[in-house]
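To start, the structure under review is shown below, and the notes come after it.
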Amino acid sequence: MSQDGGCYTWIWTCFFEYSTPKILLIRSRKVGAINRFIQAVIIGYVIGYVCVLKKGYQETDTVLSSVTTKVKGIALTNTTAMGLRVWDVADYVIPPQEESSFFVMTNMIITPGQNQSHCPEIPSATANCSSDGDCMAGFSDTRGNGVQTGRCVNYSASAKTCEVLAWCPLEEDVDPPEPPILAAAENFTVLIKNHIRYPKFNFSRRNILPHINSTYLTNCVFSRTTDPDCPIFRLRDIVSEAQEDFQDMAVNGGVMGIQIRWDCDLDMPESWCVPKYTFRRLDNKDPENTVAPGYSFRFAKYYSDGEVETRTLIKAFGIRFDVMVFGKAGKFNIVPMLLNVGAGLALMGLFI
Amino acid sequence: MSQDGGCYTWIWTCFFEYSTPKILLIRSRKVGAINRFIQAVIIGYVIGYVCVLKKGYQETDTVLSSVTTKVKGIALTNTTAMGLRVWDVADYVIPPQEESSFFVMTNMIITPGQNQSHCPEIPSATANCSSDGDCMAGFSDTRGNGVQTGRCVNYSASAKTCEVLAWCPLEEDVDPPEPPILAAAENFTVLIKNHIRYPKFNFSRRNILPHINSTYLTNCVFSRTTDPDCPIFRLRDIVSEAQEDFQDMAVNGGVMGIQIRWDCDLDMPESWCVPKYTFRRLDNKDPENTVAPGYSFRFAKYYSDGEVETRTLIKAFGIRFDVMVFGKAGKFNIVPMLLNVGAGLALMGLFI
Amino acid sequence: MSQDGGCYTWIWTCFFEYSTPKILLIRSRKVGAINRFIQAVIIGYVIGYVCVLKKGYQETDTVLSSVTTKVKGIALTNTTAMGLRVWDVADYVIPPQEESSFFVMTNMIITPGQNQSHCPEIPSATANCSSDGDCMAGFSDTRGNGVQTGRCVNYSASAKTCEVLAWCPLEEDVDPPEPPILAAAENFTVLIKNHIRYPKFNFSRRNILPHINSTYLTNCVFSRTTDPDCPIFRLRDIVSEAQEDFQDMAVNGGVMGIQIRWDCDLDMPESWCVPKYTFRRLDNKDPENTVAPGYSFRFAKYYSDGEVETRTLIKAFGIRFDVMVFGKAGKFNIVPMLLNVGAGLALMGLFI
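See the structure below:
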């Protein structure tokens, strides 16, 4: 560097310096062809992978969604315990509303008229007894139904079990009825209203598409081939789309996923942004090595005549439908485009 | 390469070799200025975009959150069906607890005294009839209320419909009352307790900020201007912040989102990490081409006199509030800083 | 460039050109050693950080999960209000099913026999009065229990409060009982069935591992040391693993997180992909400056004798358990490997 004229001049000279490698130009068919091939690969990668496949020129956003569901349908049952009985939505959807999920009862074990009293425990390793000495007052087995009173009583003509303080009579320890009591649930329909939003692009849309009119909505049922835009689903269709059998699943219950995918390219016309529905069984149907297969829970309806409280215990088997909304939207934006194309060119600069 | 002295010497020589391009130094105002300008742009990009805007020197973590809510308020209604009646939280929040959501009933259609019996179906295309031949025993329309018995009976003086086995009397097919029955719900308040955690930084915080004392908490109500830190919200304020009218929304119901954003820069004082509340209507209020507008569901209260089970069916319209917690925290960490600054310098190296 | 022979020849020549910097070879121990050291650091970074630590050669996917829970256990209580009473799962799990969460009631304040009538308000700043003039008919305090009738009546021998129209008798404004009424809840167990899926790799697995048989499942209880694979958890163990005391927490209630982490390297044997359970208290237990500490809500059981509707109001304190499933799976894939190793080599190219 020139140092005549003091420090200031030196910095000035240095500031306007530019250093570049001396370049050797090779004119060779072989070397040149390889060079151009590598360049072509990189340009192909930038255009093909970054731009076309990954849409690197777009800014992306993930979906915000709200889901409401409404089940419709009537089932008639004829059981010895309850006689002829009609079930409607207030009877079989429990709890009546959830955030993005709904449960439809398909089978049940009903134990009516329970009240707080004493009765013999269901036979089991810890409950069987031959005399009062086998029972311990105050003991309660986690898998039992009540708290032992310390007495050993007749469960049946042949078996004696410890007496328990419990909601008596106890629920019978039986397998769920087959065929399921609410087998008619396969014809129930559910309307799923899904409203989505991409906050970054201030873009909203709902699964009742603009071209759908009210008349169509009151009559349609979703079908992948004939009615792919109808937001009303027959429960049997949801289950069979997931390669399962409704009547099989209804016996022990299970969990189904209703997946709604909104992948939108907002550089394209808005009408191309439509939901795609897929259905999948979420729990494990493999019956081996499983305790409590399927999906069930117990709930009770409480009655009182002013003095004694009685309840009807229902062990409800059924299908829980979880609605899951996924989605990613992209829209052209100069910043990600520059970043991605720049990175591609940098890569090219390295290999040339 | 020098190959005298065998393979070992060759490797040794090769190991201590360093190759660098021959550099051409250009002293030109024009070229130098362009060179420095490009360098300035890249340094500006690294400092401005990577460091300041994107905080590339920070390690980030996403929020883990737990939400509990508690609604308070009393409403008095005077209807012909029920007379003067007071509603409290156990009456209008259904179900009584959910994970990060709560539903407040604002309007309803009540059908008391239903029991399993026969009655004429509500008139519709499939239910209207002129003789028994028009009705099919055992047929149940998905949109109907019961299972047809095969008889055609008088619905009113002028209309005949098929008789159904159902919970009778049937719910009347009417629009929800206007003004809404629980119009007073606009004055209800909700306390939202939100506890967040950034597991990577072992950082916890809650939306009841340290400077808030108990006396303030028992009296305050959130207001963006005067009380931005109070975690108690009046329902009307939530709805009006989202540019909606509570009384309009209360008629048919809807879904509101309560968004809590915790964006924390943990290199800054902890007291700067405060929640930001925003409110948004999540469902679609557009009334055209929509079946079942708003948000409603049916539930029942069951009674029994020991022999006959009766129920009160309630079609509940109301607002579901979904509490959504977002957030990202960043804290200085040497690894992402090196990676980001390194990538910036590499970019600079390419273009110099 | 050679321009004899026209434009076509020029392009042809240009296409097969390759330019490379002239290289200066320096044979110096010092410079060579520094050069090799930098190369070693970069290679170490690529191999150590990118390949081993970050597994940059793998494609990753995040987990899809479904959770079902089943609580078991019996509690015996002896209170003046209800006498000897047994509680089972239908009594203390409210609501009976939720998506990935369950609530177990541990303590309560019961107010039986409420009906719509008049009674004096609980004393408070807005409810205390000395004459009818202090009460305003129709006024309802958000934190009160009813709508004032405008009369001032005796609350007790010493205090007068405004009369309200409400569900009377009112719930007493007392602290939750200590010890908690359902203290026995610490021995309840919960079976958590978790089925996960990595959709990109079509890989499914459940937390009941293949080597577990049915006999083991009916008897085991999770223990970090002796039974780390058992999916049945004692509630007390969950709470104490989070360094909390169950009986303390049971008084006011709280929120517990059950975290299940599935981090799977699918290049390894499938049997290495096992869930890891961790437990954490999610709400804030700090009792200072908090309104409504813990977790509680009110619900009611409704009864009717055909004319008058009565209800039992229960303020339920308890623990809400949120099951959270996390996870990331990785599997070798050529594309991310090339991208990551390529970026590493590019970095190396720059610094050599």
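Protein chains in written order, with the numbering used here: chain A, 1 to 352; chain B, 1001 to 1352; chain C, 2001 to 2352. We put the CB at the ideal spot given by N, CA and C, even for glycine. Treat the numbers as computed from the prediction; the structure is a model and nothing was measured.
- N213 (chain A) and E1171 (chain B) have their alpha carbons spaced roughly 26 Å apart.
- In this structure, the straight-line span from the alpha carbon of I1196 (chain B) to that of F2279 (chain C) is close to 15 Å.
- Per DSSP, Y1049 (chain B) lies in no beta strand (DSSP E) segment and is marked neither H nor E.
- Scanning the region 175 to 223 of chain A for uninterrupted beta strand (DSSP E) segments of 3 residues or longer gives 189 to 198 and 203 to 206, listed from N- to C-terminal end.
- Unbroken beta strand (DSSP E) runs of no fewer than 3 residues, entirely contained in the region 2128 to 2170 of chain C, are found at 2147 to 2154 and 2160 to 2168, following chain order.
- Not a single C-beta of chain B is nearer than 8 Å to the C-beta of V2089 (chain C).
- Inter-residue distance for D1173 (chain B) and F326 (chain A) is about 36 Å (C-alpha atoms, whole angstroms).
- Of all alpha-carbon atoms in A:A185, A:N107 and A:P179, the one lying nearest the alpha-carbon of D1141 (chain B) is that of A:A185.
- When DSSP states are grouped into helix, strand and coil, Q259 (chain A) belongs to the strand group.
- Here V1086 (chain B) is near I1074 (chain B), since their CB atoms are less than 8 Å apart.
- Distances from the alpha-carbon of L2084 (chain C) to those of A:A166, A:G56, A:K70 and A:A127 put A:A166 closest.
- DSSP places A2250 (chain C) within a helical segment (H, G or I) once states are collapsed to three.
- Contact of K55 (chain A) with chain C by beta-carbon distance below 7 Å is absent, the smallest such distance being about 16 Å.
- With respect to Q1058 (chain B), G1330 (chain B) sits close: the two C-beta atoms are nearer than 8 Å.
- Annotation for T2062 (chain C): the continuous beta strand (DSSP E) segment containing it runs Q2058 to T2062.
- Close to P2021 (chain C), with beta-carbon spacing below 8 Å, are these residues of chain A in chain order: P21, K22, I23 and L24.
- Ranked by how close their Cα comes to the Cα of E2309 (chain C), the residues C:G2006, C:I2042, C:S2117 and C:A2081 have C:S2117 in first place.
- If you check each beta-carbon in the region 2033 to 2046 of chain C against every beta-carbon of chain B, the ones closer than 7 Å belong to A2033, N2035 and R2036.
- Assigned with DSSP and collapsed to three states, T13 (chain A) falls in helix.
- Against chain A, the beta carbon of N2187 (chain C) has neighbours under 7 Å at T142, listed in chain order.
- If you check each beta-carbon in the region 1056 to 1076 of chain B against every beta-carbon of chain C, the ones closer than 7 Å belong to S1066, T1068, K1070, K1072, G1073, I1074 and L1076.
- Scanning its chain for C-beta atoms nearer than 8 Å, with the 5 sequence neighbours on each side dropped, one finds around V1147 (chain B) the residues G1138, F1139, S1140, V1164, L1165 and A1166, in chain order.
- A straight-line Cα-Cα distance of about 19 Å links C1119 (chain B) and A1300 (chain B).
- Within 7 Å of the CB of V1086 (chain B), the CB atoms of chain C belong to Q2116, G2146, V2147, L2165, A2166 and W2167, in sequence order along the chain.
- Between P1180 (chain B) and A1250 (chain B), the gap from beta carbon to beta carbon is short of 8 Å.
- Rounded to the nearest whole angstrom, the C-alpha separation of M1324 (chain B) and G44 (chain A) is 42 Å.
- In this structure, DSSP gives K55 (chain A) a state outside helix and strand, which the three-state scheme calls coil.
- At a cut-off of 8 Å between beta carbons, T2079 (chain C) makes no contact with chain A.
- Under the Cβ criterion of 8 Å, F1139 (chain B) is not counted among the residues facing chain C.
- The beta-carbon of Y2302 (chain C) is placed less than 8 Å from the nearest beta-carbon of chain B.
- Not one beta carbon of chain A lies nearer than 8 Å to the beta carbon of P2177 (chain C).
- Interface residue (Cβ-Cβ distance to chain C less than 8 Å): P95 (chain A) is classified as such.
- Within the region 1203 to 1221 of chain B, R1206, I1208, I1212, N1213, S1214, L1217 and T1218 place their CB atoms closer than 7 Å to a CB of chain C, listed in sequence order.
- In terms of Cβ geometry, N115 (chain A) and T161 (chain A) do not form a close pair [threshold 8 Å].
- Scanning C:F2332, C:I2238, C:T2060 and C:I2319 for the CA closest to the CA of F2297 (chain C) turns up C:I2319.
- By the beta-carbon neighbour count (other beta carbons within 10 angstroms, threshold 16), E2178 (chain C) is exposed.
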